[in-house]
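J.: Sharing a structure, written as structure tokens. Questions coming.
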Amino acid sequence: MRIIIPLIILLVCFLGSSEQALAQRKGLLRVELNANLDMENYNIVPCGENGLLVFFESEKRGGGIDTRIWHFALYSKNMQQQWLADTALITGVKFKAFVHGDNNTYLLFMDVDKQKSQHNIQILKIDYHINKLELFNASGPEKSEPVHFSLHHENAIIAFNNSRFEPSLQFIDLLSGSSKQIKPEIEGLNIIQDIHYDTEDDKIFVIVENYLGKKQNAILILQLDKAGQHENTYKINPAMEKKVMNEARIAYSAGDTLLIMGTYSNDASRVSDNDDETGPETAGFFVTRFEGEKEVYINYYNFLEFEEMFRSLSSKTIADLRKKAEKQKSKGEEYSLEYTLLLHDVIPFKGNFVLLAEAYYPEYRTVTNMYYDYYGRPIPQTYTVFDGYNYISGLVGAFSADGKLVWNDGVEIRDILTFKLSRYMETFVKQDELAFFYSSQNKLYYQIASADEEENKLQNIAIESKYKGDKLMEDLGSKMMHWYGSYFICYGYQKIKNNRISGGKRTVFYFNKLAFK
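Just so you know, the sequence shown maps onto residues 1272 to 1788 in my numbering.
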């Protein structure tokens, strides 16, 4: 069995670091930077064994017209500051994504509101071998949000969705600087869900969610060559009435074989006219396999069949689910969990393929205020307040190459209520073990996938703070991600109180290094 342990070593802080008279706890691998909880302005990117990149936008104008200075700092594996660098980026751009290639890291910045006639995309290349920063400029589609960023050969590939449901792909040649845009020619309204690369056959697969008349129609997989030219289209056939694919991921591709997994529901969703970010309600996982253009099979697995999943839910929730399921069965219908999910990429593990999805729901509360009219008579006014998205559980299913459910699991998610929808769970495969992680309220939670119920329990350790006597007052959106090897980085914003330090309170952006041993 594996456990999570904090690493021990001395560190040096940078850029507005939280300097205090009290000595830091001996050897703790943690950096703190002064911050404001109302302004989440720090960005952090793990760069493998090259280190850890931390950067933010300053208030200082750049030397060029309409530019702003961004500060960058690279930390070593031992959390020692290696270098500082400033670069001017277009005013208004926001950090969107990153990708690694060879000995370089590429950062994607974009201003989605800037006119198409102007550069609204910037890609910053960081070369660790010669410590060089190189900037690429391009023009992308207006009012479009990048949902995918990757490298394929010499091209940076960006996928865009927009409110007009007209997705596009942009290929930017990082050698010549040329750029081309590709718009899938598909009838109806469309949303790009994911992109998968078959490196052996040099194919690109684009997963598209298709709507006709604002009603969900199908999941399509577009096969492109390395230049973006369309070669083939696969359409997932539900094979059963009242089965609708919600989201899909490609688990495996080789030659003419495609293994596809994802989530399904019992009712077709519709295009929303408002800004609601929640997706459709989900009933379970599906697995389908294509040989050439033929769909060999499609299997459905309702979450109510996942016995291990119920260990991550409260007894009351389980009772309610079973009661509703029996009621739906009596009507000849399949009952859905009525949870919306954030689906992860497929995880290859011990010859099988693991799907992980985080379940959440929008949480509201009712507020009643009393007002008085001209004559002093009380008039109650009631309204609903959105408190954020409440995360409930990680739902896990492992499937064989022939589409059979091998095992299932559930990971309880505690104390995550947020206004920003994002994946909070991380996974890590080491030899014959698969671990699930997430961070919440200054604790690191982890669970090992195992048939042994004792080893399969959710466990946690406290995330150590910087000084003895520190007391956490507020934790905002702490997350964790894989760094390199068996090491992870946990980071976020915290408000901390310590009566031993002058001033007593500090607000910081922190990051701790952790190991899976």
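C-beta atoms are modelled at their ideal positions from N, C-alpha and C, and glycine is treated no differently. Given the structure is predicted, the values throughout are model-derived calculations rather than measurements.
1. Assign D1680 to buried or exposed, taking buried as 16 or more other Cβ atoms, counted over all protein chains shown, within 10 Å of its Cβ.
2. Does the beta-carbon of E1634 have 16 or more other beta-carbons within 10 angstroms, so that it is buried, or is it exposed?
3. What do you reckon, are the CB atoms on F1431 and S1439 nearer than 7 angstroms?
4. So, helix, strand or coil for N1488, using DSSP?
5. Assuming D1746 and N1713 make a contact with CB atoms under 8 angstroms, what is their CB distance in whole Å?
6. Quick one: what's got a C-beta closer than 6 angstroms to Y1755's C-beta in the same chain, skipping five residues either side?
7. Let me confirm a value: T1553 is counted as buried when at least 16 other C-beta atoms fall within 10 Å, else exposed. Which label applies?
8. What are the boundary residues of the beta strand (DSSP E) that includes K1457?
9. If the criterion is Cβ atoms closer than 7 angstroms, does the pair K1451 and P1417 meet it?
10. Could you give the first and the last residue of the continuous beta strand (DSSP E) run that contains S1671?
11. Using a threshold of 7 angstroms, state whether the C-beta atoms of E1704 and I1719 are closer than that.
12. Cβ atoms of Q1441 and I1429: under 7 angstroms apart, would you say?
13. Taking the straight line between their C-alpha atoms, what separation do you get for K1742 and Q1730?
14. Going by DSSP, what residue range makes up the beta strand (DSSP E) through D1680?
15. With distances taken between CB atoms, is the gap from D1658 to R1636 smaller than 7 angstroms?
16. Span of the beta strand (DSSP E) holding N1731?
17. State the DSSP-derived secondary structure class of G1319, mapped to helix, strand or coil.
18. Going by DSSP in three states, F1436 sits in which element: helix, strand or coil?
19. Under 7 angstroms Cβ to Cβ from Q1295, same chain only, skipping five residues before and after it: list those, please.
20. Using 7 angstroms as the threshold, is the C-beta distance between E1425 and L1446 below it?
21. Assuming G1555 contacts Y1523 (C-beta within less than 8 angstroms), just tell me the rounded distance between them.
22. For I1466 and W1341, I'd like the C-alpha separation in whole angstroms.
23. With a CB to CB cut of under 8 angstroms and the five nearest residues on each side skipped, what residues in its chain are close to T1338?
24. What would DSSP say about E1576, mapped onto helix, strand or coil?
25. Measuring only the C-alpha atoms, how far is I1618 from F1624?
26. Could you tell me if R1301 is buried or exposed, where buried requires 16 or more neighbouring beta carbons within 10 angstroms of its beta carbon?
27. Please confirm whether N1461 and F1436 have their CB atoms less than 7 angstroms apart.
28. For M1744, which beta-bridge partners are listed by DSSP?
29. Do Y1662 and Y1642 count as a contact pair if the criterion is CB distance below 7 angstroms?
30. Please go through the same chain and pick out, in chain order, the residues whose beta-carbon is closer than 6 angstroms to the beta-carbon of K1414, but skip the five residues on each side of it.
31. Alpha carbon to alpha carbon, how far is V1370 from L1378?
32. Since I1361 is in the beta strand (DSSP E), which residue starts that stretch and which ends it?
33. Could you give the distance in angstroms between the alpha-carbon of Q1393 and the alpha-carbon of A1427?
34. Are the Cβ atoms of R1694 and L1613 separated by less than 7 angstroms?
35. Answer yes or no: do L1493 and T1504 have a C-beta to C-beta separation smaller than 7 angstroms?
36. Just confirm the distance between the C-beta atoms of N1783 and E1735, as a whole number of angstroms; I'd bet it's less than 8 angstroms.
T.: The relevant details are as follows:
1. Taking all protein chains shown into account, D1680 has 16 or more neighbouring C-beta atoms within 10 Å of its C-beta and is therefore buried.
2. Exposed: under 16 other Cβ atoms inside 10 Å.
3. yes
4. strand
5. 5 angstroms
6. Beyond the five residues adjoining it in sequence on each side, Y1755 comes within less than 6 angstroms, by CB distance, of G1319, E1320 in the same chain, given in chain order.
7. buried
8. Per the sequence shown, the amino acid found at residue 1457 is Ile instead of Lys. I1457 -> no beta strand (DSSP E), and no H or E assigned at all.
9. no
10. S1671 -> no beta strand (DSSP E), and no H or E assigned at all.
11. yes
12. yes
13. Roughly 22 angstroms separates the two Cα atoms.
14. Taken as a continuous stretch (DSSP letters only), the beta strand (DSSP E) holding D1680 covers 1676 to 1683.
15. yes
16. 1730 to 1733
17. Correct three-state label for G1319: helix.
18. When DSSP states are grouped into helix, strand and coil, F1436 belongs to the coil group.
19. Its pLDDT being 44, under 50, Q1295 is placed unreliably by the model, and nothing is read from it.
20. yes
21. At roughly 20 angstroms, the Cβ-Cβ gap does not stay under 8 angstroms, so G1555 and Y1523 are not in contact.
22. 30 angstroms
23. R1332, A1359, L1360, I1361, T1362
24. helix
25. 6 angstroms
26. buried
27. Contact: yes.
28. Its beta-bridge partners do not exist; DSSP assigns none.
29. No, Cβ-Cβ distance for Y1642 and Y1662 is not below 7 angstroms.
30. N1433
31. Approximately 7 angstroms between the Cα atoms of the pair.
32. 1352 to 1361
33. 11 angstroms
34. yes
35. In this structure, L1493 lies near T1504, with their beta-carbon atoms less than 7 angstroms apart.
36. The Cβ separation is near 7 angstroms, so the contact holds.
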